[in-house]
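K.L.:
Before I ask anything, here is the structure I am working with.
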Amino acid sequence: MEEHTVESLAEVFRCFICMEKLRDAHLCPHCSKLCCFMCIRRWLTEQRSQCPHCRASLHLHELVNCRWVEEVTQQLDTLQMVGTTNKSDDQDKDRCETHQEKLSVYCWTCRKCICHQCALWGGTVRDTKENTIKHSGHTFKPLDEVYDQHVTQIKEEISQLRRRLMELISLVQEVERNVESVRAAKDERVREIRNAVELMIARLDAQLKSKLLTLMGQKNSLMQETEQLESLLAEIEHQLHTCTKSDLIGKSEDLLQMINQVHRKPMASFVTAPVPADFNSEIVPQYDISTFVMNNFSALQRKAEPVYSPPLNVNCLSWRLKVYPDGNGVVRGNYLSVFLELSAGLPETSKYEYRVEMIHQGSRDASKNIVREFASDFEVGECWGYNRFFRLDLLASEGYLNTETDTLILRFQVRPPTFYQRCRDQQCYIHKLLTAQTNYINQVNDLKERLAIELSRNQGSGASTKSSTSGDGSHLPRSLRPLPLPRSKPVRDKMPQNSGLLELEAECQNDQDSSGSEDTADLSDNEDTESQDISALVEDYAKESDNSNDENDIDEET
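See the structure below:
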């Protein structure tokens, strides 16, 4: 196909007079046919002054010189040479090296293409430079038939590849559809969030409107009373300046009565409860708050050891303040250092917002309180806070340290940034409680089974066992001794490692004993199998951090 294309192009670039390769090509301006300059000049000089192709009038000066034709003809010659070489190479490849005959037979035994002479006369084919193969007695098949079989097999493989390609394209399209569905789901969530935010803003506007209506009602009532007082004052002052002495004396009783009428209404009736300025957020949860009162602050400062606040237990989290009364590290003796520690919580790192506030005890003005707030990623046992929370020499002079009671009051607040995270914390806490409840139920059932076994053993022992045994069961083998039962313990900041024993006395009456004597088995053991109260679950998971624990200073981080 390519050979025919090259030949057809070569025909276009032939002289239409001599039908040979173009030399110094020129073309007719009327029909655009190419020809050699020598040919067209001879024609116009010796024959007639018209184009031999279109018969239009033509002169030498009207011919157009085509210098680019020479480059095109050279490229065509190159293509023809390459095509001829490839064709000859292909023909040489399809010929027998021994007989120079066309390969027409396929030796099924040797898996080689041979000519008909090799097949008929048992010719040899050189397998390698040293080895030759003889085909006498071999199985032969026509080369075209084997070729068709291979072509069919390759086409089948190609069809399988095409099917595989279509499957891959289908998978790609499926992934693209998945991408579009993910983006659409994200856009849907964005629309939901925007709609929810718009509804939240509308509810906030409604709350604001309600609060403003209440405040405007209070303001209008006060303004109305103010206008009445102003008009009364203006009237009284007018009477004072315009009335004569006799008239003023006559009207003084009425004026005083009007003033007394105003005073009858107490000022407390105008004082209304202030409308709270807070608006409940539907996105960010409220802070959980705890207050830490540090008594004997001066003594704590002299010890120069960290002081811990009572824990603030929220769901499965346990928070506490870690305070250095005399400062921590390089700021010791100069600054009060305050840190917030997560003593128990989730195993993974989570971000929480917190606020540490030092109460101004010199006045009730909350604006004078020192407030530091930040958001940090907490792990269990990790502290975040401020090395330079406040200067120690200014605590008393600024009114934050009560010198009379020697107390310092700190308030800390903490919350997750979203309700989603709060729900996650609650789910963790619920899961722990359910797990503990299941364990307690299993322990109770196990203890009931043990108790039933011990009671049956004691009842079957008879009176002989009663007379020969003591009440504590120490003579029995260890496998037959009474088993211990757990007892609940009160919630403490630190659960002790060694637990006490709960003794359970089981009464066993011998049916054959007419005196009705009772055997009391003291079910006690030194094994530590006691269970703890559910309310102390958070303390069970709390890890006591060492005083040398590294704190994260927000001032240095930021």
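Residues in the sequence shown are numbered consecutively from 1, following full-length UniProt numbering. Using N, Cα and C, we set each Cβ at its ideal position, and we do this for glycine too. Bear in mind that the values here come from a model prediction, so they are computed numbers and not experimental data.
1. May I have a chain-ordered list of the alpha helix (DSSP H) segments no shorter than 4 residues that lie completely inside the UniProt domain "MATH" (287-414)?
2. Please go through the stretch 5-43 and give each complete alpha helix (DSSP H) segment of 4 or more residues, from N-terminal end onward.
3. Put Ile-283 into one of helix, strand or coil per three-state DSSP.
4. Go to Val-190, then tell me how far its alpha helix (DSSP H) extends in each direction, as first and last residue.
5. For Asn-315, does the count of other Cβ atoms within 10 angstroms reach 16, so buried, or fall short, so exposed?
6. With a CB to CB cut of under 7 Å and the five nearest residues on each side skipped, what residues in its chain are close to Lys-211?
7. Could you tell me which of Trp-108, Pro-310, Cys-66 sits nearest to Val-293, measuring between CA atoms?
8. Sort out for me which residues DSSP pairs Arg-64 with in a bridge.
9. I need the straight-line Cα distance from Phe-270 to Leu-222, nearest angstrom please.
10. Near Pro-142, what residues of its chain come up, given a Cβ to Cβ distance below 8 Å and the 5 sequence neighbours on each side ignored?
11. Pick out whichever of Ser-252, Thr-272, Pro-285, Pro-29 has its Cα sitting closest to the Cα of Cys-423.
12. Could you spell out where the alpha helix (DSSP H) holding Val-271 opens and where it closes?
13. So what's Ser-57 in DSSP terms, helix, strand or just coil?
14. Please state the DSSP three-state secondary structure of Cys-107.
15. Kindly list the residues whose CB is nearer than 7 Å to the CB of Asp-326, restricted to its own chain and excluding five residues on each side of it in sequence; keep chain order.
16. Can you tell which of Asp-24, Leu-161, Tyr-440, Asp-205 has the C-alpha that lies nearest to the C-alpha of Asp-278?
17. First and last residue of the beta strand (DSSP E) that includes Lys-112?
18. Thinking C-alpha only, which one of Cys-66, Asp-446, Ser-49, Thr-73 is nearest Glu-11?
19. Measuring alpha carbon to alpha carbon, tell me which residue in Arg-177, Ser-337, Pro-52 is nearest Cys-28.
20. Got a sec, what are the start and stop residues for the alpha helix (DSSP H) Gln-257 sits in?
21. Mapping the DSSP letters down to three states, classify residue 559 as helix, strand or coil.
22. Under the rule that 16 or more other beta-carbon atoms within 10 Å means buried, what is Trp-319, buried or exposed?
23. For Trp-384, count neighbouring C-beta atoms within 10 Å of its own C-beta (all shown protein chains included) and say buried if the count is 16 or more, exposed if not.
24. Which of the three DSSP states, helix, strand or coil, is assigned to residue 562?
25. What separation, rounded to the nearest whole angstrom, lies between the Cα atoms of Ile-158 and Val-151?
26. State the CB to CB distance for the pair Ser-350 and Asp-377, rounded to an integer number of angstroms; the pair is presumed to be in contact (CB under 8 Å).
27. Quick one: what's got a C-beta closer than 6 Å to Ile-409's C-beta in the same chain, skipping five residues either side?
28. Helix, strand or coil: how does DSSP classify Asp-425 here?
29. Just grab the DSSP bridge partners of residue 559 for me.
P.N.:
So, from the listed chains and residues:
1. Fully enclosed alpha helix (DSSP H) runs of no fewer than 4 residues occupy 297-303 of the UniProt domain "MATH" (287-414), in order along the chain.
2. When DSSP assignments are scanned along the stretch 5-43, the uninterrupted stretches of alpha helix (DSSP H) that are 4 or more residues long and fall wholly within it turn out to be 37-42.
3. Secondary structure at Ile-283: coil, using DSSP grouped into helix, strand and coil.
4. Secondary structure note for Val-190: its alpha helix (DSSP H) is the uninterrupted segment 143-242.
5. Asn-315 should be labelled buried.
6. The beta carbon of Lys-211 is closer than 7 Å to those of Val-275 in its chain, skipping five residues each way along the sequence.
7. Considering only alpha carbons, the answer is Pro-310.
8. Here residue 64 is Val; the residue named in the question, Arg, does not match the sequence. The partner list for Val-64 (beta bridge, DSSP) reads Leu-27.
9. Rounded to the nearest angstrom, the gap between the Cα atoms of Phe-270 and Leu-222 is 7 Å.
10. The answer, listed in chain order, is Ser-104, Val-105, Tyr-106.
11. When C-alpha distances from Cys-423 are compared across Ser-252, Thr-272, Pro-285, Pro-29, the shortest belongs to Pro-285.
12. Looking at the DSSP string, Val-271 is not in any alpha helix (DSSP H), and its letter there is neither H nor E.
13. In the structure shown, Ser-57 falls within a strand segment according to DSSP collapsed to helix, strand and coil.
14. Of the three classes helix, strand and coil, the one that applies to Cys-107 here is strand, per DSSP.
15. Taken in chain order, the residues that qualify are Gln-301, Ala-304, Arg-332, Gly-333.
16. Nearest option by C-alpha distance: Asp-205.
17. Here the beta strand (DSSP E) through Lys-112 covers 112-114.
18. Nearest C-alpha to Glu-11 among Cys-66, Asp-446, Ser-49, Thr-73: Thr-73.
19. If we check each option's Cα against that of Cys-28, Pro-52 comes out closest.
20. Run containing Gln-257: 245-263, per the alpha helix (DSSP H) assignment.
21. Any property of residue 559 remains undetermined from this structure, which presents the chain solely from 1 to 558.
22. The residue in question, Trp-319, is buried, as its Cβ has 16 or more Cβ neighbours within 10 Å.
23. Buried, by the Cβ-count rule.
24. Given that the chain is displayed from residue 1 to residue 558, the structure contains no residue 562 and the question cannot be resolved.
25. About 10 Å.
26. Going by Cβ atoms, the distance from Ser-350 to Asp-377 rounds to 7 Å, so yes, they are a contact pair.
27. The answer, listed in chain order, is Val-293, Ile-359.
28. For Asp-425, the three-state secondary structure derived from DSSP is helix.
29. Residue 559 lies beyond the stretch modelled for the chain, which goes from 1 to 558, so this question has no answer here.
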